[in-house]
Each structure stands twice: as C-alpha cells, then as structure tokens.
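Working notes, beginning with the structure itself.
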Amino acid sequence: MANAAKYRSYSQFEELLHNFYSLSQTARIYSDTHTLVTDGIEKFSIAINSCMVNESLTFKISNDQLFVDDEKLPYNRTTKNLFDNIISYFDARGLEGVRLLEAVKHASAKEILAFMRLLDSSGQKPEPLIWLINGLTVENIKWVELIRKSEILQGDWESSYKDKAERRERALRDYTYAKASIEEVAQKIKDRKREVGIRKTVRVVQDIVTNLIEDDEVYSAISTLRVFDDYTFTHSVNVAMLSMCIGRRINLSRRNLVNLGICALFHDLGKIEIPYEVLHKKDELDASELRLIEEHSLYSARLLLILKASPDSKARILVPMFEHHLKYDLSGYPRTDWKNPLTLFGKIISTADKYDTLTSSRSYRKSLLSPDRALGYMFDRAGRDFDPTIIKVFINILGVYPVGTLLKIDTGELALVVSSPSREFSKRPFVCTLEKEAHGTYKKKEIVNLDERDTETGNYVREIVETYHPSILGIQPVKYIFSS
Ligand SMILES: [Fe+2]
Ligand SMILES: [Fe+2]
3 MANAAKYRSY SQFEELLHNF YSLSQTARIY SDTHTLVTDG IEKFSIAINS CMVNESLTFK
63 ISNDQLFVDD EKLPYNRTTK NLFDNIISYF DARGLEGVRL LEAVKHASAK EILAFMRLLD
123 SSGQKPEPLI WLINGLTVEN IKWVELIRKS EILQGDWESS YKDKAERRER ALRDYTYAKA
183 SIEEVAQKIK DRKREVGIRK TVRVVQDIVT NLIEDDEVYS AISTLRVFDD YTFTHSVNVA
243 MLSMCIGRRI NLSRRNLVNL GICALFHDLG KIEIPYEVLH KKDELDASEL RLIEEHSLYS
303 ARLLLILKAS PDSKARILVP MFEHHLKYDL SGYPRTDWKN PLTLFGKIIS TADKYDTLTS
363 SRSYRKSLLS PDRALGYMFD RAGRDFDPTI IKVFINILGV YPVGTLLKID TGELALVVSS
423 PSREFSKRPF VCTLEKEAHG TYKKKEIVNL DERDTETGNY VREIVETYHP SILGIQPVKY
483 IFSS
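In this text, residue positions in the sequence shown follow my numbering: the first is 3, and each later residue adds one.
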C-alpha cells in the first residue's frame, strides 16, 4: 500500500476528499437530476478511480488527522476547513472512516448517490451507525465498509486512565525539573548578570519533547490543571508545555520543538528586571509602571544574549521572545513599526501565554474566566489577536471543555472535566462528579461520560448548564484528577 501511495499525490487525495464533501452537501440540497449533483457524482467517481490503485481505498481519521490509505494528509491553511468539515461530518455519524472496495468503480451514479444520501441522513438519526448499516443493506450497497469510531467505554477509559499513571508521574517530574531549572537560571542571572549556562534546561526540554511526542495529552492536562500554586515560574512551564503541544500537533521537527520549548520557558525571563512591587502590585498600575511591565519582552530578548546557548538556537528564539505580547495584527506591545507577520514561534507562544494568563487565578484580572470561556474569548479574537489556525489547533488539543473545568450539570451535580474529547466540536467530556462534604469541601464521587444517552428516549442523560473556574469554589482540580 505504501508503495502504491507513491504514485498518488496529496493533491489527488485532497481532490477526492473535496469531491466527496461537496457531493455530500449538494446531494442534501438539490434533486437527483440537478447538474450540480450529476456533475458531483462524476467528479467523485473520477477521483476514486485515480486514487484507487489497490483493491480498496480507505479514508479515515486518526488522532484528528486525515489519512487516505496509509498516507497522512498535511493539515495546513489550505486544507484546514475541508479537513475540519470532514472530521466533524464523520464524527457526527459515529464513524472513524469508510473503506471503498474495488466494486465501487462499477457502481452506478444512482448507487453512489444513494450511498451519499444514506450517509448524510444518518447524521440526523439517534443511532446513526445502526441506521446506516441497515440502509446500506436495504439498498444492497456492498462496496462500502464502515469503520466505526473506536468507542471509549467507561471501563476502557478507566483502565486507560490507570495505565497512564506512569506517564502522569513522568510528566509531573518533567514539570518539576523544568520549573527548578528556570528558577536556577533566573537566580544565576540575578546573582551574576553574565554568561549563564542553560544545559540543564535544554536537557529537561529534550526529555519533555521525547515524552510529549509519545503522548501529549498528559502534558496539556498538567499545564491546564495548575499543579503547583505559585505563579512565578509555573506560568512559564505551562506556556512551554502548551506551546510544545501545539508545535507537536503541527508537526514541528524535534529540533524545532526543543527550541520552541526553551523559548517559551524563558519568554518572561525579562520580568526579573522589573521591581517586585510593580510586578506584584494589587492596585491598578499607573502609566509609568505599565510602561515598565511592557518592557519585559524586550528585557527577555536581551537576557537571552547572556545565556550560553548555540548561536543557532539563540537566533531562532530571540525574535519570538520579543514578540510574545504582540498580536496577530501586530498591535499589542512593545509597539513596533514592523510590517512582517509574527514568527510561527511568536504566534504559538502568544496563544499559550494568553490562555494561561486568562485562566490563572493570579492574573491581574478581577473576574476569572472558566477554561472554556477563556478559549471562547480567544476564538472570538482569532484573526485579530491570534492566528486562526493556531487557535483551532489549540482548541483541538484542549477540547471545548478543557480538563479541570468545573461544570454544573442539569441533574444538580457539580463535576470536573477529567478528559476532554480532543475534537473541537465535541462537547461531551468525561467528568468526575463531586459530592459536598460537611466542612464545605468536595469529594470525588464517580466518573461519568456526558456522551451517555438514555437507552429508551435516546436523550442525553446529563447536560451542562454552566461552567466555572474551579477556584471559585476553592477546588484544586489536580487533587481529583491527576492523583492516581
Ligand atoms: Fe510576558
Ligand atoms: Fe507570559
């Protein structure tokens, strides 16, 4: 299969997926004889014929990526809308993908249309997959195999959660080392203000990258959970981990991931140049104090020069450090006359930085946003403050309701999100319900899947009514989620 794939190009696969998706849409709106429909069927058939070099052709989703046969298709600016649409289309039908068998080459236009209509209508049924299998049998369509979404059942989830205990411990260790290493660097700079080695930091980041490539979920969770309560350096570690998760999802090379991690870890290093009273002032800052704070990205870039790192790494991380408070439209600070768009690292770090600031109880903001609202706030500013693609990738990583979001359920229960389906349109996470104890504290009750439906009515058993930042009830989510 892999050899055969060599003879086909990504553009052919994209063409096939494009034709598939357009046909699904036009067939929904227009009649069988409309030219858009008849032309659509023809184009789809041609695309299948040119892409199918073996006895079957499979398109499926795995880890939010689209594959045709074994080829992963590149997710980029041009393909993102189409891919997001297809992923959500399959997802709504309980499908991971479809396999078209060779006989499809001889299928009539009528049969192809019947398949597309069945597939489309199944999205409106309470049990889409069962309904679809039934429909295909009735229509006698034998050239399609449905690949069902691997359903995460309650038991599976719990056992995979236990299996992950080791990874969580490893991530916690990485987190602690990363925090300690930047504390050390900051201290050395304060003491000596001359060349400071960062070998330890580089090693920690390299280890994180190795582990994160294997499983980034545990790293995005640890960063959103605020495992430690001091803000000074945890912010930098959170931003670094979230940035590396974004970098991994957009397929950055290992080397670039390490540079990105180091850059993000040190992005606020310049704050050590700002007097403590200004940095931690509770009241509103006056104009001169604000100006001082706004200088910190410049200080970070300047301090980078005294760190002992390869000139190559320094060159890559200097500008993004300077940029981390500049917005996608180049507003923000420090004010520049640049017309160049932000660097990729700059765009990634500013996204992770903003999210961590918005959800941090130590931020200067008076009202705390729940994690999902923080994401919504950022999504609304995509294209202005943030790169729209990066925001989409970020929501894909964290889910609509990030781990640690406190929820009020229509059953009257309070619950914490413990695992969020990574697809952005999925709004039904796994949660841990909480029970109030006599002293006003909460204890863990049970893990439930919000995707669960009542077998008789087909309605969801639980609906989310409201979301909160867990700190408003004094809840430390890590106690409930990250402990074994
Ligand atoms: Fe900053
Ligand atoms: Fe920051």
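Note that CB positions come from ideal geometry on N, CA and C, so glycine has one too.
In the DSSP assignment, the residues bridged to I449 are C434. Taking C-beta separations shorter than 6 angstroms and ignoring five residues to either side along the sequence, the partners of E465 in its chain run D412, following chain order. Beta-carbon to beta-carbon, P404 and D374 are separated by about 7 angstroms, close enough to satisfy the 8 angstroms threshold.
DSSP places L134 within a helical segment (H, G or I) once states are collapsed to three. Going by beta carbons, S290 and H327 fall outside the 8 angstroms limit.
Straight through space, the alpha carbons of A173 and Y77 are spaced by roughly 27 angstroms. Under the criterion of beta carbons closer than 8 angstroms, A266 and V241 qualify as touching, at roughly 5 angstroms. Straight-line measurement puts the Cα of K438 at about 40 angstroms from the Cα of G263.
DSSP places R101 in the uninterrupted beta strand (DSSP E) bounded by L97 to L103.
The three-state reading of DSSP puts L418 in strand, counting E and B together.
In the structure shown, S58 falls within a strand segment according to DSSP collapsed to helix, strand and coil. A Cβ-Cβ distance of about 6 angstroms is found for the pair G42 and S24, placing them in contact under the 8 angstroms criterion.
Counting other Cβ atoms within 10 Å of its Cβ, L307 stays below 16 and is therefore classed as exposed. Distance from the C-beta of D355 to the nearest heavy atom of ligand 2 is below 7 angstroms. In the three-state scheme derived from DSSP, where H, G and I count as helix and E and B as strand, K310 is classed as strand. Remark: the shortest separation between the CB of H108 and any heavy atom of ligand 2 does not fall under 7 angstroms.
DSSP links V146 through a beta bridge to L102. Assigned with DSSP and collapsed to three states, V70 falls in strand. Within the same chain, L25, T28, A29, Y32, S33 and L115 come within 8 angstroms of V39 by CB-CB distance, once the 5 residues on both sides are set aside. Of Y482, R304, D176 and R119, the smallest CA-CA separation from L214 is found for D176.
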